[in-house]
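> Have a look at the structure that comes next, please.
Chains as they are written, first to last, in the working numbering: chain A, 8 to 213; chain B, 8 to 213.
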């Protein structure tokens, strides 16, 4: 993707809207100069982003130790098809957050963070599913990343072709892409009815 | 995401299938211990992955200088909804490739790489769009990353609940997610008919 200066945004409303539509972010850390990028479920709660996982996770261990991290969230909105290969592009919205993680140890905040993680993935579900036991709380590591140093990049709209190419007999425009949900698949022991929030699932439809 | 050892795969067929279905990867680099993760269009060609962009891109400059990099590609396949918040998960397929980029300078290989990048994004389109001029070739930097050190992680299937939770009256199962294309939107100066490969677009449908 071409990341032109004109595509940068720093206002929190733009940044938050992208973070709230996304579901999986890509977390980068460095170890002896080697970068590692791992996909992780995340959820924003006001001025911070929560990540969670097993206490045995080496990545989460590094994150709570204050290792510098980068969380990048990308929403792919479409292919931009130009009349020349050179001017092909993608429509997307992305956010990059830089900072240092810190462990969430307070049990109340940890519980709230876990509820936020479930609720952001599937609104309505956090009140249905059984909440974490004391043992499960202990078996979950939660990391908070403050949204202090963050920026968004957005590319939208039609292709921009070279002036002399507009006469070429080539289809040009956008092919919109989005995340779509299929029909829910109950597991083999599920006897409960399908909740309404599952039959109408969509991201960014609000 | 919980990344258990049992989910790791190292065979090239599994890795290549994920790389070929993906469109945008997340590229990580380190600068003075600070990681940066940037979304980029990529395309696999046999044993290497191509990235491209403007020669003015600082990231691409770092990559061709042999800075250690990580390319991560994630395909989100669904939400895994358990009877307890603790056992919620995601179904996904991801690949992590570690290595060092090198600049593609040979004009023939550069042209082939650019064709591969267009063709992987939209099969059929590389023969329709005007190919790069000499000037456009010069204005494009292409980076190759060898697929030497790569691994895949896959989580698929229903939730795994705690034995005592199966009796809870909570819906449990999978909500499949996929990338879906909307109706193509021609730009305001487009007079060409819609090509057949655009009206039947899908990723991973092959």
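Backbone N, C-alpha and C define an ideal beta-carbon position, used for all residues, glycine too.
Is it the case that the Cβ atoms of residue 128 (chain B) and residue 205 (chain B) are separated by a distance below 8 Å?
On the second chain, residue 128 (chain B) is found 121 positions in, with the first residue counted as 1. On the second chain, residue 205 (chain B) is found 198 positions in, with the first residue counted as 1. Their beta carbons are not under 8 Å apart, which means residue 128 (chain B) does not touch residue 205 (chain B) by this criterion.
> On the three-pair Cβ rule with 8 Å, is the stretch 74-92 of chain B touching the stretch 137-147 of chain A?
Counting Cβ pairs under 8 Å, three or more are found: they touch.
> Check the Cβ of residue 177 (chain B) against every Cβ in chain A and list those closer than 8 Å, keeping chain order.
Taking the second chain and counting its residues from 1, one reaches residue 177 (chain B) at position 170. The answer, in chain order, is 135, 136, 137 and 199.
> Please list, in chain order, the chain B residues whose beta carbon lies closer than 7 Å to that of residue 196 (chain A).
What you label residue 196 (chain A) is simply residue 189 of the first chain in a count that begins at 1. Ordered by position in chain B, the residues that pass the 7 Å Cβ test against residue 196 (chain A) are 173.
> Among the candidates B:120, B:29 and B:126, whose CA atom is the shortest distance from the CA of residue 110 (chain B)?
The residue you call residue 110 (chain B) lines up with position 103 of the second chain. Out of B:120, B:29 and B:126, B:120 has the C-alpha closest to the C-alpha of residue 110 (chain B).
> Taking 8 Å as the CB-CB limit, is residue 90 (chain A) close to chain B?
In the first chain, counting from the first residue as 1, residue 90 (chain A) sits at position 83. Answer yes: the Cβ-Cβ gap between residue 90 (chain A) and chain B drops below 8 Å somewhere.
> Since I believe residue 16 (chain B) is in contact with residue 154 (chain B) (beta carbons under 8 Å), could you give me their beta-carbon distance rounded to a whole number of angstroms?
Counted from its first residue, the second chain places residue 154 (chain B) at position 147. Counted from its first residue, the second chain places residue 16 (chain B) at position 9. Going by Cβ atoms, the distance from residue 154 (chain B) to residue 16 (chain B) rounds to 14 Å, so no, they are not a contact pair.
> Sorted by chain position, which residues of the same chain lie with C-beta nearer than 7 Å to residue 130 (chain B)'s C-beta, five sequence neighbours on each side aside?
Numbered from 1 along the second chain, position 123 holds the residue referred to as residue 130 (chain B). So the qualifying residues of the chain are 204.
> Establish whether the CB of residue 184 (chain B) and some CB of chain A are separated by less than 8 Å.
Sequence index remark: in the second chain, residue 184 (chain B) carries index 177 (1-based). With 8 Å as the cut-off, residue 184 (chain B) counts as an interface residue toward chain A.
> In chain order, what residues of the stretch 32-57 of chain B put their CB closer than 8 Å to some CB of chain A?
For the stretch 32-57 of chain B, which is checked against every Cβ of chain A, the residues closer than 8 Å are 33, 34, 35, 36, 37, 40, 41, 42, 43, 44, 45, 46, 47 and 48.
> Ordered along the chain, which non-local residues of its own chain (more than five positions away) have a Cβ less than 8 Å from that of residue 75 (chain A)?
Against the first chain, residue 75 (chain A) aligns to sequence position 68. Cβ neighbours of residue 75 (chain A) beyond the five flanking positions: 36, 37, 105, 106 and 107.
> Does residue 115 (chain A) come out as helix, strand or coil in the three-state DSSP assignment?
Here residue 115 (chain A) refers to the residue found at position 108 when the first chain is read from its first residue. Of the three classes helix, strand and coil, the one that applies to residue 115 (chain A) here is helix, per DSSP.
> Going by beta carbon distance, what residues of the same chain come within less than 6 Å of residue 172 (chain B), once the five residues before and after it are set aside?
Locating residue 172 (chain B) in the second chain gives position 165, where the first residue counts as 1. So the qualifying residues of the chain are 90 and 91.
> Select from the stretch 98-132 of chain B all residues with a C-beta closer than 9 Å to any C-beta belonging to chain A, and list them in chain order.
Within the stretch 98-132 of chain B, the residues whose Cβ lies closer than 9 Å to some Cβ of chain A are 99, 101, 103, 105, 121, 122, 124, 125, 128, 129 and 132, listed in chain order.
> If we define contact as Cβ-Cβ less than 8 Å, is residue 8 (chain B) a contact residue for chain A?
To locate residue 8 (chain B), count along the second chain from 1; it is residue 1. Unreliable positioning characterises residue 8 (chain B) in this predicted model, as indicated by a pLDDT of 42, which lies under 50. The coordinate reading is nonetheless provided below. Yes - at least one Cβ of chain A is within 8 Å of the one on residue 8 (chain B).
> Within 10 Å of its beta-carbon, does residue 134 (chain B) have 16 or more other beta-carbons around it, so buried, or fewer, so exposed?
Mapped onto the second chain, residue 134 (chain B) falls at position 127. Exposed, by the Cβ-count rule.
> Please look up how many angstroms separate the CB atoms of residue 82 (chain A) and residue 45 (chain A), rounded, as I've assumed it's under 8 Å.
Numbered from 1 along the first chain, position 75 holds the residue referred to as residue 82 (chain A). Numbered from 1 along the first chain, position 38 holds the residue referred to as residue 45 (chain A). Not really, about 19 Å apart at Cβ, beyond 8 Å.
> Beta-carbon within less than 8 Å of residue 165 (chain A)'s beta-carbon, same chain only, minus the 5 sequence neighbours each way: which residues are those?
Against the first chain, residue 165 (chain A) aligns to sequence position 158. Within the same chain, residue 165 (chain A) has close Cβ partners 87, 179, 180 and 181.
> If we ignore side chains and look at the alpha-carbon of each, how far apart do residue 61 (chain B) and residue 175 (chain A) end up?
On the second chain, position 54 is the one that residue 61 (chain B) refers to. On the first chain, position 168 is the one that residue 175 (chain A) refers to. Cα-Cα distance, rounded: 24 Å.
> Grab the span of the beta strand (DSSP E) containing residue 56 (chain B) for me, first residue to last.
Taking the first residue of the second chain as 1, we reach residue 56 (chain B) at position 49. From DSSP, the beta strand (DSSP E) with residue 56 (chain B) extends over 55-60.
> For residue 10 (chain A) and residue 50 (chain B), what's the separation of their Cα atoms in angstroms?
Your numbering for residue 10 (chain A) matches position 3 in the first chain. Your numbering for residue 50 (chain B) matches position 43 in the second chain. Any reading at residue 10 (chain A) is ruled out, since the residue's pLDDT is 46, under 50, leaving its predicted position unreliable.
> Using a Cβ-Cβ cut-off of 6 Å (strictly less than) and excluding sequence neighbours within five positions of residue 168 (chain A), which residues of its own chain qualify?
Taking the first chain and counting its residues from 1, one reaches residue 168 (chain A) at position 161. Taken in chain order, the residues that qualify are 89, 90 and 94.
> Since residue 100 (chain A) sits in a beta bridge, which residues does DSSP pair it with?
In the first chain, residue 100 (chain A) corresponds to position 93, counting from 1. Paired residue(s): A:82 and A:161.
> Just mark residue 200 (chain A) as buried or exposed, buried being the case when its beta carbon has 16 or more other beta carbons within 10 Å.
Position 193 of the first chain, counted from the first residue, corresponds to residue 200 (chain A). When all chains shown are included, residue 200 (chain A) counts as exposed.
> Give the interface partners of residue 181 (chain B) over in chain A, defined as CB-CB distance under 8 Å, in chain order.
As a working mapping, residue 181 (chain B) is identified with position 174 in the second chain. The contacting residues are 191, 192 and 194.
> Among the residues of its own chain, which have a CB less than 6 Å from the CB of residue 8 (chain A), if the five just before and after it don't count?
Residue numbering aside, residue 8 (chain A) sits at position 1 when the first chain is read from its first letter. Its pLDDT being 43, under 50, residue 8 (chain A) is placed unreliably by the model, and the measurement read from it follows with that caveat. Counting only Cβ-Cβ distances below 6 Å, and skipping sequence neighbours, we find 97.
> Please classify residue 203 (chain A): does DSSP put it in a helix, a strand, or coil?
The residue given as residue 203 (chain A) occupies position 196 in the first chain. Three-state DSSP puts residue 203 (chain A) in a helix.
> Helix, strand or coil: how does DSSP classify residue 18 (chain A) here?
The residue you call residue 18 (chain A) lines up with position 11 of the first chain. Note: residue 18 (chain A) maps to coil in three-state DSSP.
> Does residue 156 (chain B) have its Cβ less than 8 Å from a Cβ in chain A?
Taking the second chain and counting its residues from 1, one reaches residue 156 (chain B) at position 149. No, no contact with chain A.
> Given this structure, state the Cα-to-Cα distance separating residue 79 (chain B) from residue 184 (chain A), to the nearest angstrom.
For this step, residue 79 (chain B) is matched to residue 72 along the second chain. For this step, residue 184 (chain A) is matched to residue 177 along the first chain. Their Cα atoms are separated by approximately 20 Å.
> Runs of 3 residues minimum, wholly inside the stretch 161-197 of chain A: which ones carry the beta strand (DSSP E) assignment?
Listed in chain order, the complete beta strand (DSSP E) runs (minimum 3 residues) inside the stretch 161-197 of chain A are 180-188.
> Using the C-alpha atoms, what's the distance from residue 207 (chain B) back to residue 23 (chain A)?
By one-based count along the first chain, residue 23 (chain A) stands at place 16. By one-based count along the second chain, residue 207 (chain B) stands at place 200. The straight-line gap from Cα to Cα measures roughly 34 Å.
> Using only CA atoms, which one of A:43, A:210 and A:158 lies nearest to residue 20 (chain A)?
Numbered from 1 along the first chain, position 13 holds the residue referred to as residue 20 (chain A). Nearest C-alpha to residue 20 (chain A): A:158.
> Using a threshold of 8 Å, state whether the C-beta atoms of residue 43 (chain B) and residue 77 (chain A) are closer than that.
Locating residue 43 (chain B) in the second chain gives position 36, where the first residue counts as 1. Locating residue 77 (chain A) in the first chain gives position 70, where the first residue counts as 1. A contact, by the Cβ cut-off of 8 Å.
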